[in-house]
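Numbering (the numbering used here), first residue to last: 71 to 773.
Where a beta carbon is used, it is the ideal one built from N, C-alpha and C, also for glycine.
Comments concern the structure below.
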DNA sequence: ATAGGGTTAG
């Protein structure tokens, strides 16, 4: 829809009248006089029915007034109709659908009426409707957009980050001699700044710069920037992380005696915080006489983004009232910086506090944290919560649900259920959705489905494949043995192959024992990421598999010399909604004794069926550098599985998440446990998913 | 005759 509109708008013949800057009298203001049905008698201004409109407190009451207006004929007076539109579109109990119905019945809506509806749509959930109306205004009636119309449609363009459409509005406003209107300029400054998040903006050097250009241009046009302008200018500085210019703007505000209200102070706070001057921000914050929820949240978010969690928490605790944005700032900061456990603790706190109700953002964060931890119980609970509260499944929420189910091992639910439903409901998948879906295809070995989707991405869904999608596709192809196809795909990439692309190829080479290609992939990978521990491990693994021990020890030496060390293995498991973490040889858990005796029991049972722990040179090298025989039993994933066996009902599958690749011995043991104890085990490691059932694993022993 | 532009979380 947006694309269609953009195309239309960019070809719109601009035939706007030039708004005279001087006060010339327009001798022929309306070449097409209104039809006779329209009553232009101004005495209606004080009509008693009109005063009723202002007393309405519900749509039902408005409808009653509407009926009276129809009966009395007042509805056919454009001014009176405009009053009804304003009430139905902008009042606190507004219903845009109803406003639109009313609008469609007005024979000759005046410009005020058009503008009111365009304005209401601009800040609605569907701002494209502003564009639709704008086009109708241009093509279906004699009226022309005026200085009120443009700020609203530009606002809609900001909301949608519709850069091209917004730029067309800018051009049209200039042609209509409205290029110096401070309201239009301010909305444009904000618009250009707000388009700065797009990938496109990054490629083109950033639109915040255009916002600043507009501000500089105001000087030449002799338009005096005001406080609202400066909010937009500061916000553009924030996007550019340009502290120097930000400071200059603050002094400009002072020099030009621009009134500094709370909003402007907040914009300054945000600029200082995000551009890296916490001191300036703190100084200003402490000095501010009046603070609102924005001031507090800006400080909170600033500290959280800097990783200063204690300080963030202090600000949060000091807040006089905490709305959902404040909670979200805290929760998302944890979730985004690899602290999913802390994120969920805060999420739980929010539910207990009853300060605010979780919204889409909160739920997306909580789902993402659940996915990171493999906490499917909580993930499912959130799924139910969404349904129970009738929360509309938008793209972000659906994508997070798909991610959560896929990462927690329910690929069927993620792909078959959620993704299909998403398409059915016409919710547009975005780049992240495709990453999750392709990843799920790779884990379930859905080569054809993955390939089809990948090639549909751009033509059907308008999502340009990025490096992550290529990496997934290389993985899907390579894993199924189509190494040559994978190489061809890499060659055809319009963007430079990234480390994850080479990593995927390397993994596939390991699986299919292609040393030659592996060496190539690895050297490309190490060129991009010289400190990639996994690359060395994989390459050693392939060489060891084919007995090239010289190369193996050479690689090991290389690793040692470069001081590369493996991060400690860590596994987590969710039991009754609480996430437990285990490190290698961990005995800090309060049920540690029971866990270790369970492990002994397992070892004995395995031994009785003839199982010999796999302590081959290969595994020692690859998985745990200084692994001793007994250390096999102390791996974090084994501890987590043992804990699951003693603490969960036999009917429940055991879900474990490990931060590194699962060790070969642990993999064999998990398979046997799934048979001996008749338990499903779902183990997600850093790279893929292992679903153990009846003695087998879904990865078919290739990982 | 009526009105408009701005700041925090993802």
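(Q) Which residue wins for smallest C-alpha separation from residue 610, given the options 740, 581, 570 and 352? (A) Residue 610 sits at position 540 when you count from the first residue of the first chain. Closest by alpha carbon: 581.
Q.
If the criterion is Cβ atoms closer than 8 Å, does the pair residue 183 and residue 155 meet it?
A. Here residue 183 corresponds to residue number 113 of the first chain, with the count starting at 1. Here residue 155 corresponds to residue number 85 of the first chain, with the count starting at 1. In this structure, residue 155 lies closer than 8 Å to residue 183 by Cβ.
Q) Does the Cβ of residue 583 have 16 or more other Cβ atoms within 10 Å, making it buried, or fewer, making it exposed? A) Here residue 583 is taken as the residue at index 513 of the first chain, counted from 1. The residue in question, residue 583, is exposed, as its Cβ has fewer than 16 Cβ neighbours within 10 Å.
Q) In whole angstroms, what separates the C-alpha of residue 524 from that of residue 463? A) Here residue 524 refers to the residue found at position 454 of the first chain. Here residue 463 refers to the residue found at position 393 of the first chain. Their Cα atoms are separated by approximately 23 Å.
Q | Exposure label - residue 422; buried when at least 16 CB within 10 Å | A | As a first step, residue 422 must be located in the first chain, where it is residue number 352. Answer is exposed; the Cβ neighbour count stays below 16.
**Q.** Straight-line Cα distance separating residue 638 from residue 729
**A.** For the purposes of this step, residue 729 is identified with residue 659 of the first chain, where counting begins at 1. For the purposes of this step, residue 638 is identified with residue 568 of the first chain, where counting begins at 1. Cα-Cα distance, rounded: 9 Å.
Q: Identify which residue in 325, 265, 312 and 335 has its Cα closest to the Cα of residue 298.
A: The residue labelled residue 298 in the question sits at position 228 within the first chain. Answer by Cα proximity: 335.
Q) How big is the Cα-Cα spacing for residue 725 and residue 444? A) Counting from 1 along the first chain, the entry for residue 725 is found at position 655. Counting from 1 along the first chain, the entry for residue 444 is found at position 374. Distance between the alpha carbons of residue 725 and residue 444 is about 7 Å.
Q.
For the structure I just gave you, are there three or more beta carbon pairs, one from the segment 672-680 and one from the segment 614-624, closer than 8 Å?
A. no
Q) What do you reckon, are the CB atoms on residue 231 and residue 278 nearer than 8 Å? A) By 1-based counting over the first chain, the position of residue 231 is 161. By 1-based counting over the first chain, the position of residue 278 is 208. No, the pair does not count as a contact, with Cβ atoms beyond the cut-off.
Q) Taking the C-alpha atoms as reference points, what is the distance between residue 293 and residue 280? A) Along the first chain, read from residue 1 onward, the residue named residue 293 stands at position 223. Along the first chain, read from residue 1 onward, the residue named residue 280 stands at position 210. Roughly 17 Å between the two C-alpha positions.
Q. What residue ranges within the segment 283-344 form continuous alpha helix (DSSP H) runs of no fewer than 4 residues, ordered along the chain?
A. 297-310 and 313-325
Q) Which ranges does the beta strand (DSSP E) cover as unbroken runs of at least 3 residues, wholly within the segment 382-460, from first to last along the chain? A) none
Q. Grouping DSSP H, G and I as helix and E and B as strand, with all else coil, what is residue 717?
A. In the first chain, residue 717 corresponds to position 647, counting from 1. It is helical.
Q: On a CA-only basis, which of 579, 563 and 670 is nearest residue 552? Give me that one, please.
A: Indexing the first chain from 1 puts residue 552 at position 482. Checked all of 579, 563 and 670; the closest Cα to residue 552 is 579.
Q.
Counting C-beta neighbours from all protein chains within 10 Å, is the total for residue 153 16 or more, i.e. buried, or is it exposed?
A. The sequence position of residue 153 within the first chain is 83, counting from 1. By the neighbour-count rule (16 or more Cβ atoms within 10 Å), residue 153 is buried.
Q | Beta-carbon separation (whole angstroms), residue 305 vs residue 337, contact threshold 8 Å | A | Counted from its first residue, the first chain places residue 305 at position 235. Counted from its first residue, the first chain places residue 337 at position 267. About 6 Å separates the two Cβ atoms, so the contact holds.
**Q.** Nearest-angstrom Cβ-Cβ length linking residue 399 and residue 425, presumed shorter than 8 Å
**A.** As a first step, residue 399 is located in the first chain; it is residue number 329 there, counting from the start. As a first step, residue 425 is located in the first chain; it is residue number 355 there, counting from the start. Actually they do not touch by this definition, with Cβ atoms about 13 Å apart.
(Q) Going by DSSP, what residue range makes up the alpha helix (DSSP H) through residue 223? (A) Locating residue 223 in the first chain gives position 153, counting from the first residue. From DSSP, the alpha helix (DSSP H) with residue 223 extends over 219-230.
**Q.** C-beta contact flag for residue 751 and residue 762 at 8 Å
**A.** Here residue 751 is taken as the residue at index 681 of the first chain, counted from 1. Here residue 762 is taken as the residue at index 692 of the first chain, counted from 1. Cβ distance < 8 Å, so residue 751 and residue 762 count as in contact.
Q: Tell me, please, which residues DSSP counts as bridged to residue 652.
A: Working through the first chain from its first residue, we reach residue 652 at position 582. DSSP lists 641 as partners of residue 652.
Q. Count the other CB atoms within 10 Å of the CB of residue 661; is the residue buried (16 or more) or exposed (fewer)?
A. Counting from 1 along the first chain, the entry for residue 661 is found at position 591. Under this definition residue 661 is an exposed residue.
**Q.** Residue nearest to residue 217 in terms of C-alpha spacing, selected from 243, 207, 170 and 238
**A.** Sequence index remark: in the first chain, residue 217 carries index 147 (1-based). Considering only alpha carbons, the answer is 243.
Q) Mapping DSSP to helix, strand and coil, what is residue 754? A) Taking the first chain and counting its residues from 1, one reaches residue 754 at position 684. Strand.
Q. Got a sec? Which residues, its chain only, sit under 8 Å from residue 601 by beta carbon, not counting five neighbours each side?
A. Here the question's residue 601 lines up with position 531 in the first chain. 632 and 634, listed in sequence order.
**Q.** Candidates 365, 378, 404 and 492, of which the one nearest residue 390 by Cα
**A.** Mapped onto the first chain, residue 390 falls at position 320. Answer by Cα proximity: 365.
Q: Would you list the residues sitting across from residue 353 in a DSSP beta bridge?
A: The sequence position of residue 353 within the first chain is 283, counting from 1. Paired residue(s): none; residue 353 is not in a bridge.
Q. Over what stretch of residues does the beta strand (DSSP E) that includes residue 732 continue unbroken?
A. To locate residue 732, count along the first chain from 1; it is residue 662. Note, residue 732: premise wrong, no beta strand (DSSP E); not H, not E.
Q) Is residue 478 helix, strand or coil when you go by DSSP? A) Counting from 1 along the first chain, the entry for residue 478 is found at position 408. DSSP places residue 478 in coil when its eight states are reduced to three.
Q: State the DSSP-derived secondary structure class of residue 725, mapped to helix, strand or coil.
A: Within the first chain, numbered from 1, the residue matching residue 725 stands at position 655. In this structure, residue 725 counts as strand in the three-state DSSP scheme.
Q | 8 Å Cβ shell around residue 185 - same chain, five flanking residues per side excluded | A | Your numbering for residue 185 matches position 115 in the first chain. Within the same chain, residue 185 has close Cβ partners 216, 218, 219 and 222.
**Q.** Cβ-Cβ distance between residue 394 and residue 427 below 8 Å
**A.** Locating residue 394 in the first chain gives position 324, where the first residue counts as 1. Locating residue 427 in the first chain gives position 357, where the first residue counts as 1. A contact, by the Cβ cut-off of 8 Å.
Q.
Between which two residues does the beta strand (DSSP E) holding residue 759 run?
A. To locate residue 759, count along the first chain from 1; it is residue 689. Run containing residue 759: 759-763, per the beta strand (DSSP E) assignment.
(Q) Between residue 160 and residue 173, how many whole angstroms is the CB-CB distance? I'm expecting something under 8 Å. (A) As a working note, residue 160 is residue 90 in the first chain. As a working note, residue 173 is residue 103 in the first chain. No, residue 160 and residue 173 are not in contact; Cβ-Cβ is about 13 Å, not under 8 Å.
Q) So what does residue 256 bridge to, in DSSP terms? A) As a working mapping, residue 256 is identified with position 186 in the first chain. Note: residue 256 sits in no beta bridge, so no partner.
Q: Evaluate contact between the segment 641-654 and the segment 702-717, counting only Cβ atoms and requiring at least three cross-stretch pairs below 8 Å.
A: yes
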